[in-house]
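Residue numbers (UniProt numbering): 1 to 245.
Ideal Cβ placement from N, Cα and C applies to all residues, glycine included.
This one's a predicted model, so the numbers in the text were calculated from it and none came from an experiment.
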Ligand SMILES: Nc1ncnc2c1ncn2[C@@H]1O[C@H](COP(=O)(O)OP(=O)(O)OP(=O)(O)O)[C@@H](O)[C@H]1O
């Protein structure tokens, strides 16, 4: 479902990603972990066809991000922490405008909107303008918009940042429930407890390089630690030490 081969990305002379090779399968929630500036957002923006790789190959849902970007876009949904919504539109209007973009008919859109309103507890958000939303309401509508077309790959980049505990809980429950045959969820965060709760496998990225990838038990055993936060520190510090001049 996700196949990344030897991916590199440069911003001018700066190499934000270096030789990243990584696979993730349908049916799993795959975590992308790394400190600030590690390259997580750069990686996810490449998967979402928003940035071009400098070198390497990336296939999402079976399509190459450079050769077939439109097919990739039809098969993904993207949520990040700071996404805006058109202030003057209600939640229902926002979802309807996206449904048009995905070629969904009215009956499909209505049925899916009702389903999402229930699953995400959208409450008043469907009938209220986005300018009146709380942060949690906004994020729930952003998620509903991202999954409206039932994408094969859902990309969540720091999606829980800024949410209160109720909205965060709704998000994490949604991610847990999204573990279905044929679906891949990519979950980028630097909050280890979130990754521990929802991810089947994780990759740790540091300074643009893949440090390790595996199931949570594999990562803990590799680091010789009892929880993911300790394992993350240990593995990142090992990598720092190895890079030190
Ligand atoms: N447009 C850009 N031009 C130059 N450098 C950039 C650009 N975007 C990102 N970078 C740099 O690339 C590196 C990786 O950034 P990126 O946003 O991918 O990291 P991240 O892991 O998502 O970090 P954070 O958790 O802070 O969002 C950082 O050093 C950042 O400063």
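With a beta-carbon spacing of about 7 Å, residue 156 and residue 175 fall inside the 8 Å limit used to define contacts. A distance below 7 Å between beta-carbons, with the five flanking residues on each side excluded, links residue 15 to the following residues of its chain, in chain order: 8, 208. Secondary structure in the stretch 72-130: the alpha helix (DSSP H) runs of 4 residues or longer, each lying completely within the stretch, are 91-101, 106-119 in chain order.
With respect to residue 202, residue 219 sits close: the two C-beta atoms are nearer than 8 Å. Per the C-alpha coordinates, the member of 37, 4, 86 positioned closest to residue 190 is 37. Residues close to ligand 1 by the beta carbon criterion (under 6 Å to any non-hydrogen atom) are, from first to last along the chain, 11, 14, 16, 34, 36, 37, 38, 39, 40, 41, 42, 190. Inter-segment contact for the stretch 168-187 and the stretch 111-130 is present: three or more beta-carbon pairs are separated by less than 8 Å. The beta carbon of residue 26 is closer than 7 Å to those of 1, 181, 182, 183, 184 in its chain, skipping five residues each way along the sequence. Bounds of any alpha helix (DSSP H) do not take in residue 209; it lies within the beta strand (DSSP E) bounded by 209-215.
Taking C-beta separations shorter than 7 Å and ignoring five residues to either side along the sequence, the partners of residue 92 in its chain run 113, 126, 127, following chain order.
Taking a contact to require three or more Cβ pairs closer than 8 Å, the stretch 132-141 and the stretch 96-107 do not qualify as touching.
Put simply, of 22, 148, 227 the residue whose alpha carbon is nearest the alpha carbon of residue 59 is 22.
Taking C-beta separations shorter than 6 Å and ignoring five residues to either side along the sequence, the partners of residue 151 in its chain run 75, 76, 77, following chain order.
Among the bridge pairs identified by DSSP, residue 24 is matched with 2.
The beta-carbon distance between residue 195 and residue 33, rounded to whole angstroms, is 6 Å. This is short enough to meet the 8 Å contact definition.
The residue among 19, 179, 81, 199 with its C-alpha nearest the C-alpha of residue 160 is 81. Pairing residue 40 with residue 193 gives a Cβ-Cβ distance that is not under 8 Å.
Following the DSSP letters along the chain, one finds residue 57 inside the beta strand (DSSP E) bounded by residues 55-60.
Residue 138 sits buried, since 16 or more C-beta atoms from the chains shown fall within 10 Å of its C-beta. Counting of Cβ neighbours within 10 angstroms places residue 165 among the exposed residues, the total staying below 16. In the three-state reduction of the DSSP assignment, residue 136 falls in the helix class, which pools H, G and I. The alpha-carbon of residue 68 is positioned some 27 Å away from that of residue 84. In this structure, residue 199 keeps its C-beta atom at 8 Å or more from the C-beta atom of residue 20.
By the neighbour-count criterion, in which 16 or more other beta carbons inside 10 Å mark a residue as buried, residue 215 falls on the exposed side. Taken through DSSP and simplified to helix, strand or coil, residue 200 comes out as coil. In the displayed model, residue 158 falls within coil according to three-state DSSP, outside both helix and strand.
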